[in-house]
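Participant: Numbering (my numbering), first residue to last: 262 to 579. Built from N, CA and C at the ideal position, the CB exists for glycine as well.
1. Could you give the DSSP three-state label for residue 325: helix, strand or coil?
2. For a minimum of 4 consecutive residues, which ranges assigned as the alpha helix (DSSP H) are wholly contained in the stretch 311–387?
3. Three Cβ pairs or more, each shorter than 8 Å: is that satisfied between the stretch 377–387 and the stretch 320–338?
4. Under 8 Å between the Cβ atoms of residue 477 and residue 431?
5. How would you label residue 534, buried or exposed, when you count the other beta carbons within 10 angstroms and need 16 or more for buried?
6. In angstroms, rounded to a whole number, what distance separates the CA positions of residue 388 and residue 394?
7. On the CB-based measure, 16 or more other CB atoms within 10 Å of its CB, does residue 484 come out buried or exposed?
8. DSSP three-state label for residue 218, please.
9. Could you work out which residue in 446, 525, 337, 441 is closest to residue 398 when comparing CA atoms only?
10. Does the beta-carbon distance from residue 317 to residue 265 come in below 8 Å?
11. What does residue 396 pair with, by DSSP beta-bridge criteria?
12. One question on the structure: do residue 340 and residue 392 come within less than 8 Å of each other, judged by their Cβ atoms?
13. Taking 8 Å as the cut-off, decide whether the C-beta atoms of residue 568 and residue 539 are in contact.
14. Can you grab the Cα-Cα spacing for the pair residue 288 / residue 269, in whole Å?
15. Which first and last residues belong to the alpha helix (DSSP H) in which residue 527 is found?
16. Look up residue 564 in the DSSP assignment and say whether it is helix, strand or coil.
17. Who are the Cβ neighbours of residue 305 in its own chain at under 7 Å, not counting the five residues just before and after it?
18. Tell me whether residue 542 sits in a helix, a strand or coil according to DSSP, three-state version.
19. Let me check understanding here. Comparing Cα to Cα, which of 427, 510, 426, 448 lies closest to residue 465?
20. Tell me the rounded alpha-carbon separation between residue 358 and residue 468.
21. Report the rounded CA-to-CA distance for residue 406 versus residue 452, giving the unit in angstroms.
22. How big is the Cα-Cα spacing for residue 471 and residue 281?
23. Tell me which residue opens and which closes the alpha helix (DSSP H) that residue 422 is part of.
24. If you follow the alpha helix (DSSP H) that residue 585 is part of, which residue opens it and which one closes it?
25. If you draw a straight line from the alpha carbon of residue 360 to that of residue 460, how long is it in whole angstroms?
26. What does DSSP give as the partner residues of residue 309 in its beta bridges?
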(Lines of atoms letter the chains of each structure in order from A; the text may use other names.)
(Lines give C-alpha, C1' and ligand atoms only; values in the text may rest on other atoms or scores of the structure.)
Protein backbone atom coordinates (compact mmCIF):
# COMPACT_ATOMS: atom_id res chain seq x y z
CA UNK A 262 0.00 0.00 0.00
CA UNK A 263 2.73 2.60 0.67
CA UNK A 264 3.92 2.01 -2.90
CA UNK A 265 0.49 1.63 -4.51
CA UNK A 266 1.46 4.24 -7.10
CA UNK A 267 4.37 2.06 -8.33
CA UNK A 268 4.18 -0.84 -10.79
CA UNK A 269 5.79 -4.19 -10.05
CA UNK A 270 8.35 -3.45 -12.77
CA UNK A 271 9.34 -0.19 -11.05
CA UNK A 272 9.67 -2.00 -7.71
CA UNK A 273 11.77 -4.71 -9.39
CA UNK A 274 14.10 -2.11 -10.90
CA UNK A 275 14.38 -0.31 -7.55
CA UNK A 276 15.28 -3.51 -5.68
CA UNK A 277 17.81 -4.48 -8.34
CA UNK A 278 19.46 -1.04 -8.15
CA UNK A 279 19.41 -0.49 -4.37
CA UNK A 280 19.60 -3.94 -2.75
CA UNK A 281 23.04 -5.61 -3.10
CA UNK A 282 23.05 -9.03 -4.75
CA UNK A 283 19.42 -8.90 -5.97
CA UNK A 284 18.76 -9.83 -9.59
CA UNK A 285 15.94 -8.21 -11.51
CA UNK A 286 12.61 -10.04 -11.17
CA UNK A 287 9.04 -8.83 -11.52
CA UNK A 288 7.60 -11.90 -9.80
CA UNK A 289 5.41 -10.46 -7.04
CA UNK A 290 6.00 -13.30 -4.56
CA UNK A 291 9.74 -13.02 -5.06
CA UNK A 292 9.62 -9.25 -4.55
CA UNK A 293 7.69 -9.73 -1.30
CA UNK A 294 10.31 -12.15 0.00
CA UNK A 295 13.13 -9.75 -0.94
CA UNK A 296 11.38 -6.92 0.91
CA UNK A 297 10.82 -9.09 3.99
CA UNK A 298 14.42 -10.28 4.12
CA UNK A 299 15.89 -6.79 3.84
CA UNK A 300 13.44 -5.05 6.16
CA UNK A 301 13.55 -7.66 8.92
CA UNK A 302 17.31 -7.35 9.08
CA UNK A 303 16.91 -3.58 9.38
CA UNK A 304 14.50 -4.06 12.29
CA UNK A 305 16.93 -6.40 14.03
CA UNK A 306 19.82 -3.95 13.68
CA UNK A 307 17.89 -0.80 14.62
CA UNK A 308 18.53 0.94 17.96
CA UNK A 309 15.18 2.76 17.98
CA UNK A 310 11.77 1.91 16.57
CA UNK A 311 9.33 4.71 15.72
CA UNK A 312 5.59 4.17 15.46
CA UNK A 313 2.37 6.06 15.39
CA UNK A 314 -0.60 5.32 17.64
CA UNK A 315 -4.20 4.68 16.60
CA UNK A 316 -5.61 5.01 20.12
CA UNK A 317 -3.97 5.83 23.47
CA UNK A 318 -5.94 4.73 26.53
CA UNK A 319 -5.64 7.13 29.47
CA UNK A 320 -7.04 4.63 31.99
CA UNK A 321 -4.32 2.01 31.49
CA UNK A 322 -1.58 3.86 29.62
CA UNK A 323 -2.01 1.43 26.72
CA UNK A 324 -0.96 2.27 23.16
CA UNK A 325 -3.06 0.62 20.45
CA UNK A 326 -1.70 0.10 16.93
CA UNK A 327 -3.86 -1.23 14.10
CA UNK A 328 -2.16 -2.80 11.06
CA UNK A 329 -2.29 -5.59 8.49
CA UNK A 330 1.37 -5.96 7.48
CA UNK A 331 3.24 -6.73 10.72
CA UNK A 332 5.87 -4.03 10.25
CA UNK A 333 4.36 -2.08 13.14
CA UNK A 334 4.76 -5.02 15.48
CA UNK A 335 8.36 -5.54 14.30
CA UNK A 336 9.06 -1.84 14.91
CA UNK A 337 7.64 -1.85 18.44
CA UNK A 338 9.14 -5.11 19.72
CA UNK A 339 12.54 -5.71 18.10
CA UNK A 340 14.55 -2.50 18.76
CA UNK A 341 15.53 -1.85 22.39
CA UNK A 342 13.81 1.56 22.40
CA UNK A 343 10.29 2.26 21.16
CA UNK A 344 9.22 5.86 20.55
CA UNK A 345 5.50 6.32 19.83
CA UNK A 346 4.23 9.60 18.38
CA UNK A 347 0.57 10.57 18.37
CA UNK A 348 -1.70 13.57 18.12
CA UNK A 349 -3.42 14.61 21.34
CA UNK A 350 -6.83 13.78 19.83
CA UNK A 351 -6.01 10.05 19.80
CA UNK A 352 -6.35 9.76 23.59
CA UNK A 353 -9.35 7.68 24.68
CA UNK A 354 -10.55 7.72 28.27
CA UNK A 355 -11.21 4.04 28.99
CA UNK A 356 -10.29 0.61 27.63
CA UNK A 357 -13.96 -0.24 27.11
CA UNK A 358 -14.22 2.53 24.51
CA UNK A 359 -11.76 0.81 22.17
CA UNK A 360 -13.84 -2.09 20.68
CA UNK A 361 -16.43 0.13 18.94
CA UNK A 362 -13.70 2.45 17.66
CA UNK A 363 -11.66 -0.49 16.34
CA UNK A 364 -14.74 -1.92 14.63
CA UNK A 365 -15.49 1.42 12.98
CA UNK A 366 -11.88 1.82 11.86
CA UNK A 367 -11.36 -1.59 10.26
CA UNK A 368 -14.78 -1.82 8.62
CA UNK A 369 -14.57 1.67 7.16
CA UNK A 370 -10.93 1.37 6.05
CA UNK A 371 -10.71 -2.10 4.48
CA UNK A 372 -14.06 -3.79 5.14
CA UNK A 373 -12.53 -6.20 7.67
CA UNK A 374 -14.20 -7.26 10.91
CA UNK A 375 -10.79 -6.83 12.52
CA UNK A 376 -7.33 -6.15 11.13
CA UNK A 377 -4.61 -8.82 10.96
CA UNK A 378 -2.71 -7.23 13.84
CA UNK A 379 -4.09 -5.27 16.78
CA UNK A 380 -1.21 -4.37 19.10
CA UNK A 381 -1.72 -3.23 22.70
CA UNK A 382 1.42 -1.92 24.42
CA UNK A 383 1.12 -1.00 28.11
CA UNK A 384 4.76 -1.00 29.27
CA UNK A 385 8.35 -1.83 28.34
CA UNK A 386 9.52 -5.47 28.50
CA UNK A 387 8.97 -6.85 32.00
CA UNK A 388 11.24 -9.37 33.85
CA UNK A 389 10.72 -12.84 32.42
CA UNK A 390 9.31 -11.62 29.08
CA UNK A 391 11.21 -12.75 25.99
CA UNK A 392 10.65 -9.81 23.67
CA UNK A 393 9.73 -6.16 23.61
CA UNK A 394 11.72 -2.94 24.07
CA UNK A 395 13.47 -2.02 27.30
CA UNK A 396 12.19 1.56 26.99
CA UNK A 397 8.91 3.03 25.70
CA UNK A 398 8.50 6.77 25.16
CA UNK A 399 5.30 8.56 24.13
CA UNK A 400 5.37 11.90 22.31
CA UNK A 401 2.09 13.85 22.27
CA UNK A 402 1.75 16.25 19.35
CA UNK A 403 -0.34 19.41 19.39
CA UNK A 404 0.74 20.97 16.08
CA UNK A 405 -2.43 23.05 15.62
CA UNK A 406 -4.85 20.61 17.22
CA UNK A 407 -5.56 22.79 20.25
CA UNK A 408 -6.41 25.61 17.81
CA UNK A 409 -9.06 23.38 16.25
CA UNK A 410 -10.32 22.27 19.65
CA UNK A 411 -10.82 25.86 20.79
CA UNK A 412 -13.56 26.37 18.17
CA UNK A 413 -16.82 24.50 18.75
CA UNK A 414 -17.37 23.77 15.05
CA UNK A 415 -13.77 23.14 14.00
CA UNK A 416 -13.09 20.73 16.88
CA UNK A 417 -15.20 18.14 15.04
CA UNK A 418 -12.17 17.72 12.79
CA UNK A 419 -10.41 15.97 15.68
CA UNK A 420 -12.98 13.13 15.72
CA UNK A 421 -11.15 11.52 12.77
CA UNK A 422 -9.93 7.93 13.31
CA UNK A 423 -7.88 7.88 10.06
CA UNK A 424 -9.91 5.17 8.31
CA UNK A 425 -9.65 6.79 4.86
CA UNK A 426 -13.32 6.25 3.93
CA UNK A 427 -13.67 9.88 2.86
CA UNK A 428 -10.75 9.53 0.44
CA UNK A 429 -12.16 6.32 -1.06
CA UNK A 430 -15.40 8.11 -1.96
CA UNK A 431 -14.07 11.56 -2.92
CA UNK A 432 -14.38 12.17 -6.70
CA UNK A 433 -11.51 14.67 -6.57
CA UNK A 434 -9.06 12.50 -4.62
CA UNK A 435 -9.76 9.36 -6.67
CA UNK A 436 -8.81 11.23 -9.85
CA UNK A 437 -5.77 13.26 -8.81
CA UNK A 438 -4.26 11.01 -6.10
CA UNK A 439 -2.67 11.88 -2.78
CA UNK A 440 0.59 13.41 -4.04
CA UNK A 441 -1.27 16.36 -5.58
CA UNK A 442 -2.22 17.73 -2.16
CA UNK A 443 1.36 18.36 -1.07
CA UNK A 444 0.66 17.60 2.60
CA UNK A 445 0.84 14.60 4.93
CA UNK A 446 -2.95 14.25 4.97
CA UNK A 447 -4.56 14.27 1.50
CA UNK A 448 -8.19 14.03 0.46
CA UNK A 449 -11.19 15.47 2.33
CA UNK A 450 -9.69 14.95 5.79
CA UNK A 451 -6.47 16.61 4.65
CA UNK A 452 -8.40 19.65 3.48
CA UNK A 453 -9.83 20.26 6.95
CA UNK A 454 -6.94 19.20 9.20
CA UNK A 455 -3.91 20.51 7.26
CA UNK A 456 -4.95 24.18 7.63
CA UNK A 457 -4.65 23.83 11.41
CA UNK A 458 -1.20 22.28 11.18
CA UNK A 459 0.30 24.40 8.40
CA UNK A 460 -1.78 27.58 8.61
CA UNK A 461 -4.11 29.00 5.98
CA UNK A 462 -1.25 30.83 4.24
CA UNK A 463 0.02 27.48 2.92
CA UNK A 464 -3.35 25.72 2.54
CA UNK A 465 -5.90 28.38 1.55
CA UNK A 466 -6.63 26.69 -1.79
CA UNK A 467 -7.20 23.20 -0.34
CA UNK A 468 -10.73 23.94 0.86
CA UNK A 469 -11.71 24.97 -2.67
CA UNK A 470 -10.50 21.69 -4.23
CA UNK A 471 -13.87 20.09 -3.57
CA UNK A 472 -17.10 19.62 -5.49
CA UNK A 473 -19.04 19.68 -2.18
CA UNK A 474 -20.92 16.58 -3.32
CA UNK A 475 -21.16 15.48 0.31
CA UNK A 476 -19.96 11.90 -0.19
CA UNK A 477 -17.20 12.32 2.40
CA UNK A 478 -19.65 13.43 5.06
CA UNK A 479 -22.05 10.59 4.29
CA UNK A 480 -19.49 7.78 4.62
CA UNK A 481 -17.58 9.16 7.63
CA UNK A 482 -18.06 6.59 10.43
CA UNK A 483 -17.62 9.21 13.17
CA UNK A 484 -19.95 11.71 11.48
CA UNK A 485 -17.52 14.56 10.83
CA UNK A 486 -19.47 17.20 8.82
CA UNK A 487 -16.64 17.61 6.30
CA UNK A 488 -18.62 19.67 3.72
CA UNK A 489 -19.69 22.14 6.43
CA UNK A 490 -16.09 22.43 7.65
CA UNK A 491 -14.87 23.03 4.10
CA UNK A 492 -17.31 25.91 3.78
CA UNK A 493 -16.13 27.30 7.10
CA UNK A 494 -12.48 27.12 6.03
CA UNK A 495 -13.29 28.84 2.75
CA UNK A 496 -14.88 31.63 4.75
CA UNK A 497 -11.83 31.84 7.05
CA UNK A 498 -9.39 31.93 4.12
CA UNK A 499 -11.18 34.39 1.84
CA UNK A 500 -12.84 36.76 4.33
CA UNK A 501 -11.26 40.06 5.32
CA UNK A 502 -8.56 39.65 8.03
CA UNK A 503 -9.71 40.71 11.49
CA UNK A 504 -8.08 41.38 14.84
CA UNK A 505 -8.95 38.13 16.66
CA UNK A 506 -8.76 35.30 14.12
CA UNK A 507 -9.82 31.80 15.12
CA UNK A 508 -7.17 30.29 12.81
CA UNK A 509 -3.56 31.01 11.94
CA UNK A 510 -3.50 32.72 8.55
CA UNK A 511 -7.13 33.83 8.59
CA UNK A 512 -7.76 35.99 5.53
CA UNK A 513 -4.69 34.67 3.69
CA UNK A 514 -6.57 34.49 0.36
CA UNK A 515 -8.54 37.71 0.82
CA UNK A 516 -8.70 39.97 -2.22
CA UNK A 517 -10.64 43.24 -2.44
CA UNK A 518 -11.07 42.77 -6.17
CA UNK A 519 -12.46 39.25 -5.86
CA UNK A 520 -14.70 40.30 -2.98
CA UNK A 521 -16.12 43.12 -5.11
CA UNK A 522 -16.64 40.77 -8.06
CA UNK A 523 -18.55 38.23 -5.96
CA UNK A 524 -20.64 40.91 -4.30
CA UNK A 525 -21.58 42.20 -7.74
CA UNK A 526 -22.40 38.66 -8.87
CA UNK A 527 -24.60 38.15 -5.80
CA UNK A 528 -26.41 41.43 -6.41
CA UNK A 529 -27.15 40.47 -10.03
CA UNK A 530 -28.46 37.03 -9.07
CA UNK A 531 -30.67 38.45 -6.31
CA UNK A 532 -32.41 40.86 -8.67
CA UNK A 533 -34.53 39.46 -11.56
CA UNK A 534 -34.22 42.83 -13.32
CA UNK A 535 -30.43 42.97 -13.14
CA UNK A 536 -30.18 39.26 -14.00
CA UNK A 537 -32.28 39.81 -17.11
CA UNK A 538 -30.07 42.69 -18.26
CA UNK A 539 -26.88 40.71 -17.60
CA UNK A 540 -28.03 37.66 -19.56
CA UNK A 541 -29.26 39.85 -22.43
CA UNK A 542 -25.87 41.54 -22.67
CA UNK A 543 -24.08 38.19 -22.37
CA UNK A 544 -26.01 36.61 -25.23
CA UNK A 545 -25.57 39.62 -27.52
CA UNK A 546 -21.90 40.27 -26.84
CA UNK A 547 -20.63 36.69 -26.46
CA UNK A 548 -18.10 37.39 -29.21
CA UNK A 549 -16.17 39.59 -26.78
CA UNK A 550 -15.34 36.61 -24.52
CA UNK A 551 -11.58 35.88 -24.83
CA UNK A 552 -10.48 32.59 -26.37
CA UNK A 553 -7.87 32.08 -23.69
CA UNK A 554 -9.13 31.93 -20.12
CA UNK A 555 -6.08 31.10 -18.05
CA UNK A 556 -5.62 27.57 -16.77
CA UNK A 557 -9.20 26.66 -17.73
CA UNK A 558 -8.52 26.65 -21.47
CA UNK A 559 -5.28 24.71 -21.10
CA UNK A 560 -7.40 21.54 -20.99
CA UNK A 561 -10.96 22.74 -21.78
CA UNK A 562 -12.89 24.77 -24.36
CA UNK A 563 -13.52 28.44 -23.46
CA UNK A 564 -16.58 29.36 -21.42
CA UNK A 565 -18.93 31.28 -23.68
CA UNK A 566 -22.52 32.48 -23.16
CA UNK A 567 -25.18 30.92 -25.38
CA UNK A 568 -26.39 32.96 -28.32
CA UNK A 569 -29.97 32.72 -27.03
CA UNK A 570 -31.21 32.91 -23.47
CA UNK A 571 -33.46 30.18 -22.10
CA UNK A 572 -36.25 32.71 -21.51
CA UNK A 573 -36.01 33.83 -25.16
CA UNK A 574 -36.21 30.23 -26.37
CA UNK A 575 -39.27 29.59 -24.20
CA UNK A 576 -40.97 32.72 -25.54
CA UNK A 577 -40.37 31.56 -29.12
CA UNK A 578 -42.01 28.22 -28.32
CA UNK A 579 -45.00 29.99 -26.83
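Facilitator: From the atom records:
1. Strand.
2. Runs found: 332–338, 359–370.
3. As far as the Cβ criterion goes, the stretch 377–387 touches the stretch 320–338, which means the pair count is three or higher.
4. One thing to note: residue 477 has its Cβ within 8 Å of the Cβ of residue 431.
5. With fewer than 16 other Cβ atoms within 10 Å, it is exposed.
6. Whole-angstrom Cα-Cα distance: 12 Å.
7. With fewer than 16 other Cβ atoms within 10 Å, it is exposed.
8. In the structure as shown, the chain begins at 262 and stops at 579. Residue 218 is therefore absent and cannot be evaluated.
9. The shortest C-alpha separation from residue 398 is found at 337.
10. At a Cβ-Cβ threshold of 8 Å, residue 317 and residue 265 do not count as neighbours.
11. Answer by DSSP bridge pairing, in chain order: 342.
12. Not a contact, by the Cβ cut-off of 8 Å.
13. No, Cβ-Cβ distance for residue 568 and residue 539 is not below 8 Å.
14. Rounded to the nearest angstrom, the two C-alpha atoms are 8 Å apart.
15. 517–531 is the extent of the alpha helix (DSSP H) around residue 527.
16. Correct three-state label for residue 564: coil.
17. Excluding residues within five positions, the ones whose Cβ falls inside 7 Å are 339.
18. DSSP places residue 542 in helix when its eight states are reduced to three.
19. Taking only the C-alpha atoms, the option nearest residue 465 is 510.
20. The straight-line gap separating the alpha-carbon atoms of residue 358 and residue 468 is approximately 32 Å.
21. Cα-Cα distance, rounded: 14 Å.
22. The alpha-carbon separation between residue 471 and residue 281 amounts to approximately 45 Å.
23. Going by DSSP, residue 422 is part of no alpha helix (DSSP H) at all; its letter is neither H nor E.
24. The structure shown does not extend to residue 585, since the chain spans only 262 to 579, so no value can be given for it.
25. Their Cα atoms are separated by approximately 34 Å.
26. BP columns for residue 309 point to 342.
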